[in-house]
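In what follows, a single structure is set out as structure tokens and then discussed.
Next up, the structure:
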């Protein structure tokens, strides 16, 4: 069994953003030499998400509006978590969008449908945060 | 390490539906000969879901009503994604229900609790779409 | 390839609760002897969740309030699933929080960010229920 691990640091200048990380993941899969296996990609922070959806700016705007409706950032004092922090909403939003994705590797490549792209979803940025890529297989 | 990959096409005649795909997944696990390992099942389209829950029609009705409340299909122009398309709600609903499941394989079988069943959740049907089954293990 | 499987029974005295199960998972990873691999942890019941977030009681209170807003327990007759049962809300809440997590194992340990902790989320307790830990790797 082969494996490869990569921790990648992002420093998003805004509180919230969606970043397409598919090229980084594809690169690690290629480097790993794994032909058949699985690739895990997960946020290492609990106020961020890794998810798969469309690379379309209108949709990302819709996600932003929708998540703010489901789990509004403000008023901060609506959340008990917000004693010393102000990011309770980010912990909630990340549960809707998910922590991780697991992608099949077939014939040495991410086995994707036509529009699948991997995103890092930041909900409490303005500081360095990491995501993890783990490849296992043969 | 053994592995097996299967892409399965569905063509759901309605916009939304939940289809029990457990027999198809169990068949691929059996064919793979894997005794101990992991089985990934994921939608290959970004307006569909693979999830595990109960095969009970009342519950599926409740999911339909609930998802329409959380992310309504109409009016279409509430979503910026809906320029040339009308399926923004499907991209949102799929995030709530999830893209994928990873199931343990133990003693050559899906290692399931008493009521676990795997569903393909379609949120923008009426056309051929695929899901993927990937088995790895030994 | 090595693998290890463990089914663990919990009997939560309340309808809802969040239980930190990180020590149990870490113990199975250590016992497995796997240095590089993946660890799947999932609820085996469809009214419970396994998820990763912060071990902070204020946040857990926020989750409880938020999930009750998104998918209220009562009135029971708002859900068609609640014929003989009263737990439809638990099936909905579990979809928001997720069934499972997959965690990388690197250098023989759970490859975690600074605050990641694994929780069992119970949404229909007062009876014995199981979660599963599956480790594969080398």
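Residue numbers (the working numbering), protein chains in the order written: chain A, 925 to 1062; chain B, 925 to 1062; chain C, 925 to 1062. Just so it is clear, CB atoms sit at the ideal spot from N, CA and C, and this is done for glycine as well.
Leaving out five residues before and five after residue 987(B) in sequence, what residues of the same chain have Cβ atoms less than 6 Å from its Cβ?
Result list for residue 987(B): empty, nothing under 6 Å.
Measuring CA to CA, which of 995(C), 942(C), 1019(C) and 1009(C) is closest to residue 982(C)?
The shortest Cα separation from residue 982(C) among 995(C), 942(C), 1019(C) and 1009(C) belongs to 942(C).
Which chain C residues sit within Cβ distance under 9 Å of residue 1008(B)?
Residue 1008(B) does not reach chain C, its nearest Cβ partner there being about 30 Å away, counting only Cβ pairs nearer than 9 Å.
If you draw a straight line from the alpha carbon of residue 984(B) to that of residue 963(A), how long is it in whole angstroms?
Near 31 Å, if we compare the C-alpha coordinates of residue 963(A) and residue 984(B).
Which of the three DSSP states is assigned to residue 987(B) in this structure?
Residue 987(B) falls in the helix class under three-state DSSP.
Separation of residue 937(C) from residue 1069(A), as counted between CA atoms
Since the first residue shown for chain A is 925 and the last is 1062, residue 1069(A) is missing from the structure and cannot be characterised.
Would you list, in chain order, the members of the segment 1013-1024 of chain A that have their beta-carbon closer than 7 Å to a beta-carbon of chain C?
Within the segment 1013-1024 of chain A, the residues whose Cβ lies closer than 7 Å to some Cβ of chain C are 1015, 1016, 1019, 1020, 1022, 1023 and 1024, listed in chain order.
Are the segment 1002-1016 of chain B and the segment 956-975 of chain B in contact at 8 Å, needing three or more beta carbon pairs?
Counting Cβ pairs under 8 Å, three or more are found: they touch.
Determine the direct distance from the alpha carbon of residue 1029(B) to that of residue 1061(A), and round the result to whole angstroms.
Roughly 16 Å between the two C-alpha positions.
Would you identify the three-state DSSP class for residue 992(A), choosing helix, strand or coil?
The answer is helix: DSSP assigns residue 992(A) an H, G or I state.
Buried or exposed: residue 961(C), going by 16 or more other Cβ atoms within 10 Å of its Cβ?
By the 16-neighbour rule on beta-carbons within 10 angstroms, residue 961(C) is buried.
Does any C-beta atom of chain B lie closer than 9 Å to the C-beta of residue 989(C)?
By the rule that beta-carbons nearer than 9 Å mark a contact, residue 989(C) does not touch chain B.
Got a sec: is the Cβ-Cβ distance from residue 1026(B) to anything in chain A below 9 Å?
Taking CB atoms only, residue 1026(B) has a neighbour in chain A less than 9 Å away.
Compute the beta-carbon to beta-carbon distance between residue 1055(C) and residue 976(C), rounded to the nearest angstrom, for a pair I have assumed lies under 8 Å.
For residue 1055(C) against residue 976(C), the beta-carbon gap comes to about 13 Å, at or over 8 Å, which does not count as contact.
Which stretch, first to last residue, makes up the beta strand (DSSP E) that contains residue 1025(A)?
First-last of the beta strand (DSSP E) with residue 1025(A): 1024-1030.
Neighbourhood of residue 928(C) by C-beta, 7 Å cutoff - its chain only, sequence neighbours within 5 removed
For residue 928(C), where only same-chain residues beyond five positions count, the Cβ hits under 7 Å are 952, 955, 956 and 1059.
Using a 10 Å radius around the Cβ and a threshold of 16 neighbouring Cβ atoms, would you call residue 993(C) buried or exposed?
Taking all protein chains in view, the Cβ of residue 993(C) is surrounded by fewer than 16 other Cβ atoms within 10 Å, so the residue is classified as exposed.
Entirely enclosed beta strand (DSSP E) segments - the segment 927-990 of chain B, minimum 3 residues:
You should have 941-944, 961-967 and 972-977.
Continuous alpha helix (DSSP H) stretch holding residue 1017(B): start and end
Counting along the chain, residue 1017(B) sits inside the alpha helix (DSSP H) bounded by residues 1012-1021.
How close, in whole Å, do the beta carbons of residue 949(A) and residue 1019(B) come, if the pair is a contact with beta carbons under 8 Å?
Not really, about 19 Å apart at Cβ, beyond 8 Å.
I'd like to know whether the C-beta atoms of residue 1032(B) and residue 959(B) end up nearer to each other than 9 Å.
The criterion of a C-beta distance shorter than 9 Å is satisfied by residue 1032(B) and residue 959(B).
One or two residues paired with residue 1003(A) in a DSSP bridge:
None; residue 1003(A) has no bridge partner.
Is there at least one Cβ from chain C nearer than 9 Å to residue 977(B)'s Cβ?
Residue-level contact by beta carbon holds for residue 977(B) and chain C, with a gap shorter than 9 Å.
Confirm, please, whether the CB-CB distance from residue 1048(C) to residue 1006(C) is below 9 Å.
No, Cβ-Cβ distance for residue 1006(C) and residue 1048(C) is not below 9 Å.
For chain C, check one thing: does any of its Cβ atoms lie closer than 9 Å to the Cβ of residue 967(A)?
Cβ-Cβ to chain C under 9 Å: yes for residue 967(A).
Span separating the alpha-carbon of residue 1009(A) from that of residue 997(A)
Approximately 12 Å between the Cα atoms of the pair.
Contact criterion: CB-CB distance below 9 Å. Does residue 1001(B) meet it with respect to chain C?
Any Cβ of chain C closer than 9 Å to the Cβ of residue 1001(B) would place that residue at the interface, and such an atom is absent.
Answer yes or no: does any C-beta atom of chain A fall closer than 9 Å to that of residue 927(C)?
No, residue 927(C) does not count as interfacial toward chain A.
Residue 1061(C) (DSSP reduced to helix, strand or coil):
Annotated three-state conformation of residue 1061(C) is strand, per DSSP.
Tell me which residues share the same chain as residue 1000(A) and place their Cβ nearer than 8 Å to its Cβ, disregarding the 5 neighbours each side in the sequence.
Here the set comprises 1006, 1010 and 1012.
Answer with yes or no whether the minimum CB distance from residue 993(C) to chain B is below 9 Å.
Taking Cβ atoms only, chain B never reaches closer than 9 Å to residue 993(C), which makes this a no.
Any chain C beta carbon closer than 9 Å to residue 1004(A)
With 9 Å as the cut-off, residue 1004(A) counts as an interface residue toward chain C.
So is residue 1054(B) in contact with chain A if we call contact Cβ pairs under 9 Å?
Interface residue, yes.
Residue 1050(A) and residue 939(A) closer than 9 Å at C-beta:
It is a contact, given that the beta carbons lie within the stated cut-off.
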